[in-house]
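>
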Amino acid sequence: MENQSNETKTPQGQPAAPAPKDSVTAEMQKVVAAMILELKKVIVGKDQVIKKVLMVILAGGHILLEDVPGVGKTTLALGLSKVMNLDYKRMQFTPDTMASDITGFSIYNKETGGLDYKPGAALCNLFLADEINRTSAKTQAALLEVMEEGGVTVDGVTHKAPEPFVCIATQNPLGSAGTQKLPDSQMDRFMARLSMGYPDIESQVNIVKQRQTSDPIETVRPLVSAPHIKAMKRAVQLVKMSDEIIEYAAALCEKTRTAQAVEQGVSPRAVLALVQMAKAGALLAGRSYAIPQDVKDVFIDVCAHRLILTARAKIRKETEEKVLQDILDQVKPPAVLEGKVK
Numbered sequence: 001m002e003n004q005s006n007e008t009k010t011p012q013g014q015p016a017a018p019a020p021k022d023s024v025t026a027e028m029q030k031v032v033a034a035m036i037l038e039l040k041k042v043i044v045g046k047d048q049v050i051k052k053v054l055m056v057i058l059a060g061g062h063i064l065l066e067d068v069p070g071v072g073k074t075t076l077a078l079g080l081s082k083v084m085n086l087d088y089k090r091m092q093f094t095p096d097t098m099a100s101d102i103t104g105f106s107i108y109n110k111e112t113g114g115l116d117y118k119p120g121a122a123l124c125n126l127f128l129a130d131e132i133n134r135t136s137a138k139t140q141a142a143l144l145e146v147m148e149e150g151g152v153t154v155d156g157v158t159h160k161a162p163e164p165f166v167c168i169a170t171q172n173p174l175g176s177a178g179t180q181k182l183p184d185s186q187m188d189r190f191m192a193r194l195s196m197g198y199p200d201i202e203s204q205v206n207i208v209k210q211r212q213t214s215d216p217i218e219t220v221r222p223l224v225s226a227p228h229i230k231a232m233k234r235a236v237q238l239v240k241m242s243d244e245i246i247e248y249a250a251a252l253c254e255k256t257r258t259a260q261a262v263e264q265g266v267s268p269r270a271v272l273a274l275v276q277m278a279k280a281g282a283l284l285a286g287r288s289y290a291i292p293q294d295v296k297d298v299f300i301d302v303c304a305h306r307l308i309l310t311a312r313a314k315i316r317k318e319t320e321e322k323v324l325q326d327i328l329d330q331v332k333p334p335a336v337l338e339g340k341v342k
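Position 232 (the sequence shown) corresponds to 232 in UniProt numbering; numbering is contiguous.
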């Protein structure tokens with residue numbers, strides 16, 4: 001592969017950051033493979049979901065897990081916190097959950113005469129917001145602040161969450177008792193929406209066997225820590241993506257705004273998320289450069305939850321996933337070799 005690091009220039013004419021070396025990408029590929037093996041101890045038969053969750057984390061995003069109860073969403077988050085050795089907190093969202101439960105609050109200290117800050121649940125490395133669509137809009141807005149700013153402001157004082165900060169939110173499908181639709185602005189903050197799905201028969205049998213004698217979550221070993229995750233996130237930023245592939249990602253997102261079945265397409269934030277997650281996918285594949293397939297592999301995961309279909313499309317039982325697949329079929333990807341246009 002050509003060494004691209006010395007020749008690449010930014011639009012301002014400054015040298016771009018060098019791509020991660022092949023030895024670095026190979027090492028990270030091994031680390032991620034080992035993490036997936038550990039997580040398979042508790043999440044059986046869902047290798048692709050595990051991989052995509054790791055891609056979102058390394059791309060610096062937040063994850064929305066949407067599925068029926070009991071398929072392993074909470075177990076996956078707990079397993080991630082263990083294998084990454086991160087500070088983990090979980091909050092069960094209910095109609096009476098308050099914003100201060102997330103952000104924290106100030107309490108008067110009689111001895112000092114001042115206010116002492118009591119941190120909320122969200123100030124941790126990995127925050128699981130369980131059943132986020134069961135709580136009030138005010139509480140959801142408090143979580144949105146943490147996701148967007150990486151911290152909270154209480155009584156005029158900003159308190160930062162530790163790095164890395166990842167929010168994994170779960171929600172039951174709309175129509176479940178007590179659920180309500182998340183605001184579009186909050187949906188847009190999630191880099192990807194993923195679904196666990198029911199395990200197949202063989203996986204269900206293995207799950208039952210695993211839990212006969214012990215809890216498999218206790219066997220998950222920590223393989224990395226916060227500094228390692230931050231280093232891997234920096235490596236994702238250095239993955240090279242040609243202008244043609246960036247234009248391809250932008251063209252896919254632009255097509256969502258003109259598709260006949262779509263009332264509201266994806267925002268520019270979706271283009272950024274698509275590029276970042278595609279670069280993470282390239283790194284996990286052992287490459288220091290992205291290819292069009294990296295974009296195609298995550299396009300639906302990144303964009304489906306951001307689309308709003310027309311009433312007519314809903315009557316025709318069209319889905320966001322089908323609309324996006326049609327767009328993938330219509331927009332021709334650039335032909336590239338090792339990240340460069342042929």
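Cβ coordinates follow ideal geometry from the N, Cα and C atoms, glycine included.
1) Compare the beta carbon distance of Ala270 and Cys253 with 8 Å and say whether it is the shorter of the two.
2) Since Cys303 and Val266 should fall inside the 8 Å C-beta cutoff, what is the C-beta to C-beta distance between them, to a whole number of angstroms?
3) Specify, as a first and last residue, the run of the beta strand (DSSP E) that Ala270 falls within.
4) With a threshold of 8 Å, are at least 3 pairs of Cβ atoms found where one atom belongs to the stretch 149 to 165 and the other to the stretch 117 to 126?
5) Find the nearest neighbour of Val336 within the set Lys82, Asp243 and Ala231, judged by alpha-carbon distance.
6) Using the Cα positions of Val83 and Met28, report the straight-line distance between them to the nearest angstrom.
7) By a C-beta neighbour count over all protein chains shown, 10 Å radius and 16 as the cutoff for buried, is Thr25 buried or exposed?
8) Tell me where the beta strand (DSSP E) around Arg193 begins and ends.
9) If you compare alpha carbons, which of Ser136, Lys296 and Tyr117 is closest to Gly156?
10) Can you give me the C-alpha to C-alpha distance between Glu145 and Val152, rounded to a whole angstrom?
11) Starting from the Cα of Asp200, find the closest Cα among Gly45, Ile36, Thr219 and Ala122 and give me that residue.
12) List the whole-angstrom C-beta distance separating Thr310 from Ala249, where the pair is believed to meet the contact cut-off of C-beta under 8 Å.
13) Let me check understanding here. Comparing Cα to Cα, which of Asn85, Arg193, Val31 and Ile36 lies closest to His305?
14) Could you say which of Val239, Ala313, Ile132 and Ala122 lies nearest to Leu65 if we only look at CA atoms?
15) According to DSSP, is Val298 helix, strand or coil?
16) Rounded to whole angstroms, how far is the Cβ of Glu263 from the Cβ of Ile217, which I believe are closer than 8 Å?
17) Just the C-alpha distance for Ala273 and Leu54, rounded to the nearest angstrom, thanks.
18) Nearest to Thr103 by CA position, among Gln140, Val49 and Gly70, is which residue?
Walking through what the data contain:
1) One-based indexing of the sequence shown puts residue 270 at position 270. One-based indexing of the sequence shown puts residue 253 at position 253. For Ala270 and Cys253, yes; Cβs fall inside 8 Å.
2) Locating residue 303 in the sequence shown gives position 303, counting from the first residue. Locating residue 266 in the sequence shown gives position 266, counting from the first residue. Going by Cβ atoms, the distance from Cys303 to Val266 rounds to 5 Å, so yes, they are a contact pair.
3) Residue mapping note: residue 270 aligns to position 270 of the sequence shown, counting from 1. That residue, Ala270, is in no beta strand (DSSP E); its alpha helix (DSSP H) goes Pro268 to Leu284.
4) yes
5) If you number the sequence shown from 1, residue 336 lands on position 336. The option with the nearest alpha carbon to Val336 is Asp243.
6) On the sequence shown, residue 83 is found 83 positions in, with the first residue counted as 1. On the sequence shown, residue 28 is found 28 positions in, with the first residue counted as 1. So the two alpha carbons sit approximately 15 Å from each other.
7) Sequence index remark: in the sequence shown, residue 25 carries index 25 (1-based). Answer is buried; the Cβ neighbour count reaches 16.
8) Here residue 193 corresponds to residue number 193 of the sequence shown, with the count starting at 1. Arg193 -> beta strand (DSSP E) spans Ala192 to Leu194.
9) The sequence position of residue 156 within the sequence shown is 156, counting from 1. The shortest Cα separation from Gly156 among Ser136, Lys296 and Tyr117 belongs to Tyr117.
10) By 1-based counting over the sequence shown, the position of residue 145 is 145. By 1-based counting over the sequence shown, the position of residue 152 is 152. Their backbone Cα atoms lie some 7 Å apart in a straight line.
11) Here residue 200 refers to the residue found at position 200 when the sequence shown is read from its first residue. The option with the nearest alpha carbon to Asp200 is Gly45.
12) Counting from one through the sequence shown, the residue named residue 310 turns up at place 310. Counting from one through the sequence shown, the residue named residue 249 turns up at place 249. Thr310 to Ala249, Cβ: 24 Å. No contact.
13) One-based indexing of the sequence shown puts residue 305 at position 305. Answer by Cα proximity: Arg193.
14) Here the question's residue 65 lines up with position 65 in the sequence shown. Cα-wise, what sits closest to Leu65 is Ile132.
15) As a first step, residue 298 is located in the sequence shown; it is residue number 298 there, counting from the start. Under the three-state reduction of DSSP output, Val298 falls in the helix class.
16) For the purposes of this step, residue 263 is taken as the residue at position 263 of the sequence shown. For the purposes of this step, residue 217 is taken as the residue at position 217 of the sequence shown. 42 Å between Cβ atoms; not a contact.
17) Here residue 273 is taken as the residue at index 273 of the sequence shown, counted from 1. Here residue 54 is taken as the residue at index 54 of the sequence shown, counted from 1. So the alpha carbons of these two residues sit roughly 14 Å apart.
18) On the sequence shown, position 103 is the one that residue 103 refers to. Nearest in C-alpha terms to Thr103, of all of Gln140, Val49 and Gly70, is Gln140.
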